Amino acid sequence: MMSALSLRAHIETRYPSAFATYRRRDALRILTNIPEVDALTGGVPLHALTEICGMGKTSVLVSLLARASQEHYCALVDAKDAFNPATAEAAGADLSRLLWVRCGKTKQKLRPLEQAFKVTDMLLQSSGFGLIVVDLSDIGEQIVRNVPASSWFRFSRVVENQPTALVFVAQQPHATSCAGLVLKLAAEPATFSGKLLTNFNLNAVVLRTREKKGVQSATSDFSMKAQWA
Amino acid sequence: MYACLFVPDFPVQAALLLEPRDTRELLRRSPMAVLDGPCNLPKVVGLNDAARSAGIEVGMTKLQVETCGGVLLRKRSPDHEDAAQDVLLECAGAFSPRVESTCPGTVILDLAGTEKLFGSPETTACKITVSARQIGLHLRIAVAANPDTAMYAALGFAGITIISCGDEAKILAPLHVGILPASPELLEILESWGICTFKALATLPSIALTERLGQQGLNLQKLAQGRMSRPLKPVDPLPDFIGDHEFEDPIESLELLAFDLNRVLREICDRLVSQALATNELRLTLDLEVRQIRNGKNGEQYRHNWKLPVPTQDRRMLFALLRLDLERNTFSAPIKKLTIEAVPVKPRMAQGNLFAPPSPEAEKLETTLARIRGVVGSMDADGISCVGSPLIPDAYKPGAFAVQSFSSVSDRVAQSTIVPTLALRIFRPALETSVELTGKAPHFVRLWRKHRRVLAASGPWCSSGNWWNETTAWAREEWDVALKGFEGVVYCRLYLDRIQKRWFVEGVFD
């Protein structure tokens, strides 16, 4: 009768990775160009799914797009066609490197959320994008909550093998353990200086990260200046 | 030296080119005949060796052929024969730039100067045979010092015939005079003299022959002796890259259309490859059969152009693009003809920029974009594309934007400074709202079915434009406001349309 060790050795000769431990890649990161957020998170990881939620998410997203478009081709799947190109251009984004998919603009069989997920699947299969952002902010919470966990898991596994940062922007986090980074933002009272809305004060909390356990629940306050301020 | 490529049983081989590649060889060995003539009495105009063995002859009626049994019948199509002739010319064009389209099924090419590229005439002939077989044509090839000798040798002898200088008369000797371009009366005279072969004609005294048959007789003798020399009439070296197919019965199914679409596209791509070219623009035209003639309109067309970011020869990618577009469309009438035109350009030789970031593969990206358009649609109600790169047009109007086609091969312009900025999420179209004012400033705003108190307001910011045009003129008064709601404070941008005197919520700061 074979001992456990000899049996293991026998199996490993035929299947070398049979008992190998699965290791996640050391993720490269794309900085958001907001020093406080970058210090808190280290940037948005490639090969992982990231969720940005709460008030102020679009400002962080635009800054991330501006930075990412300097080095990568980016795609924005806009489930409710709410993206403002003028803001992105003002933030310094290279719009020629951004693929903008506007869902829900024509009469189609699929609903905007379904369209967004299907398009994301196609973009991941196509590969070559450094950053894929899926903006679900204006989709009702009830609807996004009904997305089966298997969808998030599938996205997480597909992106793991690609040098792509997959970012979901929504009102609340939904991907649970499938997300490599969950950043929740909250708005503090904005600053009105005379007749001008000048600063948008935000508070960022890292709800989940895979890299450093210590920074979980870390918070940071920062402010976003208005374009005209 | 000149090489003549002759396709025996040309109508049959032209019909076989339409068959799928895997079944073509099987059909070639089966008895097959091509019929032509009036619908009520079609007659055999072409047949293969297997059909000859089965007792079929040229001129037999369809009824007579059907009595033999097991014979495949095809209707003759001048379009298909033209297409087959084009294929033959392309095949010849790969070996020489000077090619003459002598007659259907026969081309002559000038081999002068090609020895260093392809080797001796024998080697060249072998390579041509292999190349033609890959396309689906079985050829007879003859190489001689003058075009006509090569042509008659190809007509008369199977396989490859190489005629050295001075051996023309000897090799052509056994051929029948019936293949010479003589009138029936002249052939009758020759037959009455007992002249049946080239050798018999070649050995007649020239002066006596001229006295009896004139200059025409002398020319025939020179042809039989292999001494006739004439200049080649080369065809235009660059073929067009247009393919079409007319359906016998108009079709409504995409599956049937896709079958012929793929075939036509393959022919075009083969042509492009043979000329070392690619295409960056594809034009599809579908002629629709209009059942009811209204307003004097007796035909409709569906047209679509694809402009590709990079030149390609990839048939599968082009086919996928066409198919995805057709799947999205519905046609008002059945399709009776399809035409595809490819604009030839030089292929992309190398990667554009080694220092550019990794980008989606251009060919693959086009297919992905077409698929995405299939999911989200092509254009919104305002005629703006749903898929592409955003573009800020040079227009003085708030919120103006355009969408241009996305390309992964464009060069980056200049790096701009990144400035984290407060972003505005836009409502498209803007939400109409009601606003209660205190003085000139908003005090209560109705948003998402609730009245919300204004905690702080910044404004008014007035702007206007296009005042010289009544239809496009705009004038607005903007306010950035903080609204109190149950779930916290919402910051949004309101504006008063001063022409319509109505309030709108343009977007939310987020």
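Chains as they are written, first to last, in the numbering used here: chain A, 1 to 229; chain B, 1001 to 1510. Where is the CB? At the ideal position from N, CA and C, for every residue including glycine. As the structure is a computational prediction, the values presented were derived from the model and not from experiment.
Residue-level contact by beta carbon holds for residue 67/A and chain B, with a gap shorter than 8 Å.
For residue 1477/B, the enclosing beta strand (DSSP E) starts and ends at 1474-1485. With contacts defined as CB atoms closer than 8 Å, residue 1220/B and residue 1182/B qualify as a contacting pair. Shown here, residue 60/A sits in a helix according to DSSP, grouped into three states. Excluding its 5 nearest sequence neighbours in each direction, residue 1272/B has C-beta neighbours in its own chain below 8 Å: 1241, 1278, 1279, 1313, 1342, 1344, listed in chain order. The Cβ of residue 1418/B sits closer than 8 Å to at least one Cβ of chain A. A residue is called buried when at least 16 other Cβ atoms come within 10 angstroms of its Cβ; residue 1359/B meets this threshold and is buried. Taking a beta-carbon distance threshold of 8 Å, residue 140/A does not count as an interface residue toward chain B. Residue 1159/B sits in coil when the DSSP states are folded into three classes, being neither helix nor strand. Here residue 78/A is near residue 135/A, since their CB atoms are less than 8 Å apart.
The three-state reading of DSSP puts residue 1138/B in coil, since its state is none of H, G, I, E or B. For residue 29/A, the beta-bridge partners assigned by DSSP are 45/A. 8 Å or more divides the Cβ of residue 1338/B from the Cβ of residue 1282/B.
Beta-bridge partners assigned by DSSP to residue 1388/B: 100/A.
Residue 1243/B counts as buried, since at least 16 other C-beta atoms from the protein chains shown sit within 10 angstroms of its C-beta. Interface criterion not met: the Cβ of residue 153/A is under 8 Å from no Cβ in chain B. Contact of residue 1359/B with chain A is assigned, a C-beta pair being separated by under 8 Å. Between residue 59/A and residue 1423/B the beta-carbon gap is near 4 Å, inside 8 Å, which marks them as a contact. Residue 1301/B carries a strand assignment under DSSP once its states are collapsed to helix, strand and coil. With a beta-carbon spacing of about 19 Å, residue 1100/B and residue 1014/B fall beyond the 8 Å limit used to define contacts.
In the structure shown, residue 1495/B falls within a strand segment according to DSSP collapsed to helix, strand and coil.
Between the alpha carbons of residue 1231/B and residue 1054/B lies a distance of about 42 Å. According to DSSP, residue pairing for residue 203/A in a beta bridge involves 186/A, 221/A. By the neighbour-count definition (other C-beta atoms within 10 Å, threshold 16), residue 143/A is an exposed residue. The residue among 1356/B, 1363/B, 1355/B with its C-alpha nearest the C-alpha of residue 1348/B is 1363/B. The beta carbon of residue 1389/B lies closer than 6 Å to those of 1404, 1406 in the same chain, with the five residues before and after it left out.
The Cβ-Cβ distance between residue 201/A and residue 223/A falls below 8 Å. Partner residues in a beta bridge of residue 1448/B, as assigned by DSSP, do not exist. Look at the segment 74-99 of chain A and you find these whole runs of alpha helix (DSSP H), each 4 residues long or longer: 85-91.
Identification of chain B residues near residue 85/A by a Cβ-Cβ cut-off of 8 Å yields 1390, 1391, 1392, 1401, ordered along the chain. For residue 1058/B, the secondary structure class from DSSP, reduced to helix, strand or coil, is coil.
Chain-order list of chain A residues neighbouring residue 1314/B: empty, with the shortest C-beta distance near 15 Å, by a criterion of under 7 Å.
Contact between residue 1111/B and residue 1001/B holds: their C-beta atoms lie close to 5 Å from each other, under 8 Å. Secondary structure at residue 1011/B: helix, using DSSP grouped into helix, strand and coil.
Residue 92/A is classed as buried because its beta carbon has at least 16 other beta carbons within 10 Å across all chains shown.
Cβ-Cβ distances below 6 Å link residue 1495/B to 1476, 1478, 1504, 1506 in the same chain, with the five nearest sequence neighbours on each side left out; the list follows chain order.
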